[in-house]
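Each residue of the sequence shown is one higher than the one before, counting from 1228 in our numbering. What follows is a single structure, written as structure tokens, with notes after it.
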Amino acid sequence: MITELLDFLGSLHPLIVHLPIGIVLLTIAIDVFMRNKNNSVQRVITMGWFFSFFSGLLAALFGWFLGDNGYYLESQINIHKWSGIAFVSICFIIWLLRYINFRFSKSFNRSVNLTSIILLMITGHFGGEMTHGQNYLFENLPYIQKKISVTTLSDTKRSNNDSLFVYEDLIHPVLEEKCIACHNQNRASGGLNMSSIESMIKGGNSGAGIQNGKPFKSLIYKRVSFPNNHPKFMPPTGVPLSYDQIAMLEWWIDNGAEKQMPVTLTRNDPKTQRLMELQYGLDLREKTYLETLTLPSPSQEVLKSIEGEEYIWRFLNPEQSFLDLKFTKKKIEINDLLKVQSIKNNITWLNLADCMLNNNHLSYISNFPNLTRLKIQKNPLVTNKGIEALQKLEHLTELNLYG
């Protein structure tokens, strides 16, 4: 009986909490804008601080009851709770000082008014986050809506897709924010513990929470995808899962609901891969060898020294680290290849067509580690023996021998 009563009083917190907000703002407005503060006005201000304290105390008390019912994690309510207590305390102190006719200086009066407003804003903001979710203030602004979504993952993890897992990095954080407060080891509402995959598969009073490969038969998926007005819709309070989060949950269950499932597996599903790009800022395309490389720019002195009679060149990427190099003389010498040895790591495309190239020259070219395209057509002195030397070029994808 007492538990039910406390739960009921806790549910009144969102209603009561608006009273101290309105009263304290009205009180401060009277204090700031009323020029002629006679005794009657001073009494109104003092009374305003009393009702701010009293209504704030009720809101804090009911909020304490609400926090104790297990719907929220301690980490979610800490700042909101203690900033609220601080706000109630300062309202009480201001009222008490005014009640005993303590003379406020102008600077002291401004300070306590400002402190009250700051505490009110902090308390209200973190209370709003609990009700409406993180980033609720800006999530609907078109310019930064995407920026908010992609900051879910750390920059370190986002830069290395191989270190990302669907459950650990995408699914579990959502469940922790919206579900696990009511479905954990200590408080398993409906007999369901969602703190681990094993316990979700085991399920609760209504059966298995997850059926591998069958999202539409999995109770967890069904409950979060019901219409909001459905009696079994989850979560019952706070912000529901977004369309993208539900889609990610569906894909994960449909593909086996494994703990160590890398996000790179979503490459097999264009729709889910697109979701990853838009929602999390993840580029899951299969990258070419060059896209995985980070190289310093080649020496400008070397580039200037070879430009003209021997070579022409251009950069292949905006970072100016990959070179497309073409030999322009009619006959190449070993010395011509030695001139570009210091920038061989940067040479990714090389054109040595029709320049009297021979097998000996190819042995030097085989030491260009990042070569991906090589044109050596119209060089009759090149034989199979010379071509064999090119087998050392692990990343060579295009070799032109004829034409």
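Don't be surprised by glycine CBs; every beta carbon is placed ideally from N, CA and C.
Practice item. Please classify Tyr1629: is it buried, with 16 or more other beta-carbons within 10 angstroms of its beta-carbon, or exposed? Key: The Cβ neighbour count for Tyr1629, taken over all protein chains shown within 10 Å, is under 16; the residue is labelled exposed.
Review point. In terms of DSSP beta bridges, what is Trp1540 paired with?
Key: For Trp1540, which the question treats as bridged, DSSP gives the partners Leu1552.
Review point. Looking at C-alpha atoms only, which residue of Val1567, Asn1336, Trp1478 is the closest neighbour of Asp1496?
Key: With respect to the C-alpha of Asp1496, the residue from Val1567, Asn1336, Trp1478 having the closest C-alpha is Trp1478.
Check your understanding: Does the separation of the CB atoms of Leu1543 and Asp1551 fall below 8 Å?
Key -> In this structure, the beta-carbon distance from Leu1543 to Asp1551 falls below 8 Å.
Practice item. From the DSSP output, read off the bridge partner residues of Glu1625. Key: In the DSSP output, where bridge partners are listed per residue, Glu1625 has Arg1600.
Review point. What residue range is occupied by the uninterrupted beta strand (DSSP E) comprising Asn1578?
Key: Run containing Asn1578: 1574-1578, per the beta strand (DSSP E) assignment.
**Study point:** Nearest-angstrom Cα separation, counted from Ala1580 out to Ile1592
**Key:** Rounded to the nearest angstrom, the gap between the Cα atoms of Ile1592 and Ala1580 is 13 Å.
**Study point:** Residue environment, Trp1309, which counts as buried when at least 16 other CB atoms sit within 10 Å
**Key:** With fewer than 16 other Cβ atoms within 10 Å, it is exposed.
Check your understanding: What's the call for Pro1458, buried or exposed, on a 16-neighbour Cβ count within 10 Å?
Key -> Looking at its Cβ environment, which holds fewer than 16 other Cβ atoms inside 10 Å, Pro1458 is exposed.
**Study point:** Neighbour-count burial assignment, Gln1472, 16 or more Cβ in a 10 Å radius
**Key:** Buried, because 16 or more other Cβ atoms sit within 10 Å of the Cβ of Gln1472.
Check your understanding: For Ala1415, does the three-state DSSP call read helix, strand or coil?
Key -> If DSSP states are grouped into helix, strand and coil, Ala1415 belongs with the strands.
Review point. Does DSSP put Glu1395 in a helix, in a strand, or in coil?
Key: Here Glu1395 carries a helix assignment [DSSP, helix/strand/coil].
Review point. Is the CB-CB distance between Leu1476 and Ile1398 below 8 Å?
Key: The Cβ-Cβ distance between Leu1476 and Ile1398 falls below 8 Å.
Practice item. Taking only the alpha-carbon atoms, compute the straight-line gap between Tyr1507 and Pro1607 and give it to the nearest angstrom. Key: Going from the Cα of Tyr1507 to the Cα of Pro1607 covers about 53 Å.
Check your understanding: Which residues in the same chain as Ala1484 place their Cβ atom closer than 7 Å to its Cβ, once the five residues preceding and following it in sequence are excluded?
Key -> Residues Ile1424, Ile1437, Asn1439 of the same chain have their beta carbon placed closer than 7 Å to that of Ala1484, with the five preceding and five following residues left out of the count.
Point to revise | Spatial neighbours of Ile1570 in its chain, beta-carbon cut-off 6 Å, leaving aside the 5 residues before and after | key: Pro1525, Val1529.
Exercise for review: Note down, in chain order, each residue of its chain lying with its Cβ closer than 8 Å to the Cβ of Ile1282, except the 5 sequence neighbours on either side.
Suggested key: According to the sequence provided, residue 1282 is Ser. The question's Ile does not apply to it. Correct list, in chain order: Ile1243, Leu1246, Pro1247, Ile1250.
**Study point:** Range covered by the alpha helix (DSSP H) that runs through Phe1460
**Key:** No alpha helix (DSSP H) holds Phe1460; DSSP gives it neither H nor E.
Check your understanding: How would you label Leu1232, buried or exposed, when you count the other beta carbons within 10 angstroms and need 16 or more for buried?
Key -> Its Cβ having fewer than 16 others within 10 Å, Leu1232 is exposed.
Practice item. Look up Pro1489 in the DSSP assignment and say whether it is helix, strand or coil. Key: Judged by DSSP in its simplified three-state form, Pro1489 adopts strand.
Review point. In the stretch 1494-1547, which residue ranges form an unbroken beta strand (DSSP E) of at least 3 residues, counting only runs that do not cross its ends?
Key: As far as the stretch 1494-1547 is concerned, its whole beta strand (DSSP E) runs of at least 3 residues are 1538-1542.
Check your understanding: Helix, strand or coil: how does DSSP classify Val1434 here?
Key -> In the sequence on display, residue 1434 carries Gly and not Val. Of the three classes helix, strand and coil, the one that applies to Gly1434 here is strand, per DSSP.
Check your understanding: Are the beta-carbon atoms belonging to Leu1589 and Thr1575 less than 8 Å from one another?
Key -> Annotated as distal: Leu1589 and Thr1575, with beta-carbon spacing of 8 Å or more.
Exercise for review: Could you please give me the residues that DSSP links to His1410 through a beta bridge?
Suggested key: Note: His1410 sits in a beta bridge opposite Ala1415.
Practice item. Quick one: grab the DSSP three-state call for Cys1582. Key: Three-state result, Cys1582: coil.
**Study point:** Cα-Cα separation, Ser1267 to Leu1341
**Key:** Spanning the two alpha carbons is a distance of roughly 23 Å.
Point to revise | Cα-Cα separation between Phe1335 and Ile1320, rounded to whole angstroms | key: Those two C-alpha atoms are separated by around 13 Å.
Practice item. Apply the 10 Å Cβ neighbour rule to Gly1535 and answer buried if 16 or more other Cβ atoms are within range, or exposed otherwise. Key: Flag for Gly1535 reads exposed.
Check your understanding: Mind checking whether Asn1578 and Phe1554 have CB atoms under 8 Å apart?
Key -> Contact: yes.
Review point. Within 10 angstroms of its Cβ, does Val1490 collect 16 or more other Cβ (buried), or is it exposed?
Key: Label assigned to Val1490: buried.
Exercise for review: Within the same chain, show all residues whose beta-carbon is closer than 7 Å to that of Leu1419, passing over the 5 residues directly before and after it, in chain order.
Suggested key: His1410, Gly1430, Gly1431, Gly1436, listed in sequence order.
Practice item. State the DSSP-derived secondary structure class of Lys1612, mapped to helix, strand or coil. Key: For Lys1612, the secondary structure class from DSSP, reduced to helix, strand or coil, is helix.
Review point. For Ser1282, which three-state DSSP category applies?
Key: Ser1282 falls in the helix class under three-state DSSP.
**Study point:** Segment contact flag, the stretch 1269-1281 with the stretch 1321-1330, C-beta cutoff 8 Å, min 3 pairs
**Key:** Result yes; three or more Cβ-Cβ pairs closer than 8 Å.
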